[in-house]
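Per our numbering, numbering of the sequence shown is gapless, rising by one per residue and ending at 271.
I have placed the structure first, in the form of structure tokens, so that the comments after it can refer back to it.
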Amino acid sequence: MSGFASTAHAQDKGYRLKTIVIDAGHGGNKPGASGAYSLEKNIALKVALKLGKRFEEDMPELKILYTRKKDVDVDFYKRAELANDARADLFISIHCNSAGSNKKPYGTETFVAGSHRLNEQDVAVRENADIKKEKNYKQNYDGYDPNDPETFIILSLFKSKFRTKSMDFASLIQSNYKSLNQRLSRGVKEQGILILQRCGMPAVLTEIGFITNPAEENYMNSPEGQEEIVNAIFNAVKQYKKQTEVIK
């Protein structure tokens, strides 16, 4: 498919993880999911900025880029272009989960790009829905139809080369949510999430909790909860960096 990045990061002799892109989900006129009193876009931004600050303080050797640092609308393809143009080594997209009117579901889950089963694309449909608010989205996304899960299969073919490393990193994130924060892990899952499909590097979308669950909404809005979430993702990156680097 035209318009998709072909960036590849060969894990050759001397490879080091150098650049990470942190993506705060939604923004501007795309608020994402909503809870009783808060919006996904605002929680995601706060966590993204705190995560970036943590890297800048404790791992200054890394270059940290943000898809947004304030409440603005950034098209999916522009977020991916930023990562691809920077030849980033990791792409981390931060989101809040939603169960609609059901307040019971809770826990964390992290997604990587993949088609998987068509009847299990609920998160992909929700996260991809924002592109309908973008101008000329069919042109920018090669005729992609956010309402047709079958298009996810075509997109997933592009992502296969980064699947293993994306899965490895996603598993580390989930493991740290559970071990450091005692959070319920709902596992690592594959779905046809457009922004991940367009990234030419290992990429994950992590759902840090259910904004529709009152306890988790409070947790994600609290400084303590945000710090715990940041610690889990930060630790996962450290572990992933150690696993993937090949030092001369």
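C-beta atoms are modelled at their ideal positions from N, C-alpha and C, and glycine is treated no differently.
- For residue 253, the enclosing alpha helix (DSSP H) has its first and last residue at 246-267.
- Around the beta-carbon of residue 232, 16 or more other beta-carbon atoms lie within 10 Å, marking it buried.
- Take the alpha-carbon of residue 69 and the one of residue 60: they are about 16 Å apart.
- When C-beta atoms of the stretch 120-128 are compared with those of the stretch 104-111, fewer than three pairs fall below 8 Å, so the two segments do not count as touching.
- Membership of residue 220 in any beta strand (DSSP E) is not indicated; the residue belongs instead to the alpha helix (DSSP H) covering 217-220.
- One alpha carbon belongs to residue 80, the other to residue 222, and they sit about 26 Å apart.
- Per the Cβ contact rule, the stretch 53-67 is in contact with the stretch 227-241 (3 or more Cβ pairs under 8 Å).
- Between residue 48 and residue 64 a beta carbon distance of about 7 Å is seen, short of the 8 Å cut, so the two are scored as contacting.
- A residue is called buried when at least 16 other Cβ atoms come within 10 angstroms of its Cβ; residue 199 meets this threshold and is buried.
- The distance from the Cβ of residue 203 to that of residue 251 is about 7 Å, consistent with a contact at the 8 Å cut-off.
- For residue 89, the three-state secondary structure derived from DSSP is strand.
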